[in-house]
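So the number in this note's numbering is just where the residue sits in the sequence shown, counting from 1, plus 388.
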Amino acid sequence: MAGSTSDKLANRILRGLVVGIILGVITLVAGPHVPLPEGLQALLEHVGVKSSATLLEAMRGISTVLLDPFGRVFLRLLFFVIIPLVFASLATGVVQLGRPDKLGPLAGRTFALFFLNMAIGVALGLVMMNTLQPGSYIDEATKARLMTEFGGAAQKHVSASASQTGLSLAVIVEMFMPANLFAAVVGSSTARIGDVLPLILFAILVGVVGMSFPDDKRHRLMDSLQMVTDLMTGIVHFALRLAPYAVPCLIYSVLVKSGLDIIKALGVFVLGCAAVMALHLFGTMSVWLKVWTRWSPRAYFAAIKDVLVTAFSTSSSNATLPAALENATDKLNISPSTAGFVLPLGTTMNMSGTALYEGCVVLFVAQVFGVDLSIGQQITLLLLSVLSAVAVAGIPGGSLPLIAGLLITFGIPPEGIGIILGTDRILDMCRTATNVGCDITTAVVVDELTKRAESRTAG
């Protein structure tokens with residue numbers, strides 16, 4: 389039933405996206421040639437819409453006065469949950485590991501491959517974004533208009549970054565460990581969200597200390613953190629109910645203000661993301677199979693095709709887990725103990741498609757707003773994308789609050805996620821298939837390495 393409800397919501401969001409694009413294109417094409425009666429111009433000026441001699445000018449004003457505030461309600465609901473959700477999700481993820489030293493080599497191999505998998509995925513995504521530059525399809529005038537629209541935050545970042553000498557050890561310490569944690573996290577005004585980097589470090593520290601608690605205290609801590617996560621996830625669910633109405637408003641507003649260039653940019657962004665996810669799943673994982681296992685890539689992907697189709701169609705790693713477990717033991721001959729450890733953990737932690745997507749979104753929105761991220765900043769983005777992907781709630785749209793947090797970290801207006809909202813669900817199917825495919829491949833590699841180690845020990 390939950391899957392059916394999610395599918396209906398996804399379809400409504402996609403329909404809203406199409407409606408918003410169609411109406412936006414019609415307004416852009418016909419609007420400049422449709423004059424408004426003087427009476428209607430006077431009425432619009434009365435409600436705050438100025439310079440409305442033509443339909444296009446009027447709709448740009450209406451978008452600013454009416455559509456943008458409605459879309460902002462949806463975005464702000466997501467922003468509300470960023471701080472508590474990042475903290476609770478990351479801390480829970482660390483605490484639930486228990487005592488890693490008791491898990492032995494199996495856990496060490498699994499976590500190392502999880503990190504390597506996600507890091508490679510994000511790196512491929514960033515290379516693609518730097519190569520295709522989808523944000524460059526928007527002209528400078530439009531970028532300037534977007535920066536003005538979102539309070540000039542991006543321009544301030546450009547000016548500030550021009551005066552910086554670059555990353556140093558002192559700067560990194562200040563970024564992650566400010567003297568006043570709560571002042572840094574809360575932020576200096578109601579118009580901006582606080583820094584997320586020190587919050588991530590604090591959450592990891594809380595989780596590490598919580599791991600050493602006796603089992604009863606550790607479970608109580610996990611229950612408390614999980615309750616916070618569930619509450620924040622509930623707010624995300626509530627926000628997503630507005631998405632079918634907010635998405636067309638946001639995309640229409642962006643279109644009439646930015647022109648058709650934004651459609652080209654989004655098209656390149658979507659195709660680039662889908663292509664690099666396929667490259668990571670079928671390319672990187674094929675290399676892993678060749679290096680660490682006896683499987684041929686062709687035979688392997690033929691064996692798991694049903695699981696990939698299930699993941700793609702449901703857009704849910706959790707819903708695909710039973711099929712993945714059955715496939716792993718029956719068709720891939722993975723030992724039940726390895727499959728039972730790696731796959732459920734991978735469903736929560738090994739989110740390579742999600743991490744890849746988050747890095748791409750941040751870089752795309754940065755390009756749209758004319759914010760140039762240096763190599764050092766992009767390396768930081770890679771690490772933070774991996775960490776935040778682990779904390780993503782397992783629901784459609786669950787990555788949106790954390791993407792907003794990443795945008796804030798790099799001084800990019802978080803409202804910029806409104807540009808990609810309509811495409812999020814389309815790429816959700818691709819990244820879920822990538823997540824699940826990489827989970828199963830990791831389980832195959834871990835099982836093979838474990839059997840080899842046991843064989844050497846026995847010999």
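Using N, Cα and C, we set each Cβ at its ideal position, and we do this for glycine too. Computed from a predicted model, the values in this text were never measured in an experiment.
Grab the span of the alpha helix (DSSP H) containing residue i for me, first residue to last.
{"i": "L630", "result": "603 to 646"}
{"i": "A567", "result": "From DSSP, A567 is part of no alpha helix (DSSP H); its letter is neither H nor E."}
{"i": "N518", "result": "493 to 520"}
{"i": "M673", "result": "673 to 680"}
{"i": "T742", "result": "740 to 756"}
{"i": "P732", "result": "724 to 737"}
{"i": "G449", "result": "443 to 450"}
{"i": "K652", "result": "649 to 667"}
{"i": "V848", "result": "With the chain covering 389 to 847 only, the question about residue 848 has no answer from this structure."}
{"i": "F689", "result": "685 to 691"}
{"i": "L455", "result": "Where L455 is concerned, there is no enclosing alpha helix (DSSP H), given that its DSSP letter is neither H nor E."}
For residue i and residue j, what's the separation of their Cα atoms in angstroms?
{"i": "V546", "j": "T768", "result": "In this prediction, V546 scores a pLDDT of 43, lower than 50, which makes its location untrustworthy; the coordinate-derived value is nonetheless stated afterwards. When rounded, the distance between both Cα atoms is 18 Å."}
{"i": "I763", "j": "V756", "result": "18 Å"}
{"i": "Y688", "j": "P420", "result": "56 Å"}
{"i": "D603", "j": "G728", "result": "22 Å"}
{"i": "D527", "j": "R682", "result": "50 Å"}
{"i": "K719", "j": "L501", "result": "22 Å"}
{"i": "L772", "j": "L794", "result": "8 Å"}
{"i": "L587", "j": "L569", "result": "8 Å"}
{"i": "L463", "j": "L733", "result": "30 Å"}
{"i": "D816", "j": "A662", "result": "10 Å"}
{"i": "P801", "j": "L837", "result": "45 Å"}
{"i": "L432", "j": "Q484", "result": "57 Å"}
{"i": "L593", "j": "N823", "result": "27 Å"}
{"i": "G539", "j": "E803", "result": "Its pLDDT being 45, under 50, G539 is placed unreliably by the model, and nothing is read from it."}
{"i": "L667", "j": "V510", "result": "12 Å"}
{"i": "S725", "j": "C826", "result": "18 Å"}
{"i": "K860", "j": "D812", "result": "This structure leaves residue 860 out entirely; the chain is present only between 389 and 847."}
{"i": "T829", "j": "M673", "result": "7 Å"}
{"i": "L454", "j": "V461", "result": "11 Å"}
{"i": "W680", "j": "V832", "result": "9 Å"}
{"i": "F700", "j": "L669", "result": "13 Å"}
{"i": "I470", "j": "F458", "result": "20 Å"}
{"i": "V774", "j": "G747", "result": "9 Å"}
{"i": "L643", "j": "A529", "result": "14 Å"}
{"i": "T735", "j": "G449", "result": "45 Å"}
{"i": "E562", "j": "A572", "result": "11 Å"}
{"i": "V515", "j": "V695", "result": "28 Å"}
{"i": "D456", "j": "T820", "result": "30 Å"}
{"i": "L788", "j": "P472", "result": "14 Å"}
{"i": "V597", "j": "L405", "result": "45 Å"}
{"i": "L444", "j": "T717", "result": "60 Å"}
{"i": "L709", "j": "S723", "result": "16 Å"}
Specify the secondary structure class of residue i as computed by DSSP and reduced to three states.
{"i": "P710", "result": "helix"}
{"i": "P472", "result": "helix"}
{"i": "P802", "result": "helix"}
{"i": "P423", "result": "strand"}
{"i": "G436", "result": "coil"}
{"i": "L465", "result": "helix"}
{"i": "I414", "result": "helix"}
{"i": "L720", "result": "coil"}
{"i": "Q429", "result": "helix"}
{"i": "V407", "result": "helix"}
{"i": "V704", "result": "Note that residue 704 is Ser in the sequence shown here, rather than Val. Correct three-state label for S704: coil."}
{"i": "V759", "result": "coil"}
{"i": "D527", "result": "coil"}
{"i": "I808", "result": "coil"}
{"i": "S843", "result": "helix"}
{"i": "S477", "result": "helix"}
{"i": "G540", "result": "Low confidence applies here, because G540 scores a pLDDT of 46, under 50, leaving its location unreliable; read the following figure in that light. Residue state, collapsed to three classes: coil."}
{"i": "D835", "result": "helix"}
Relative to the ligand MN, is the shortest distance from any of its heavy atoms to the C-beta of residue i smaller than 8 Å?
{"i": "P566", "result": "In the structure shown, the ligand MN is absent, as is every other ligand, since no ligand is present at all."}
Contact the stretch 654 to 667 vs the stretch 422 to 430: 3+ CB pairs below 8 Å: no
Sufficient close CB pairs (3 or more, under 8 Å) joining the stretch 501 to 520 to the stretch 621 to 630: no
Contact between the stretch 464 to 482 and the stretch 707 to 719 (3+ Cβ pairs under 8 Å): no
Sufficient close CB pairs (3 or more, under 8 Å) joining the stretch 644 to 652 to the stretch 737 to 753: no
The stretch 396 to 406 touching the stretch 632 to 647, judged by at least three CB pairs closer than 8 Å: yes
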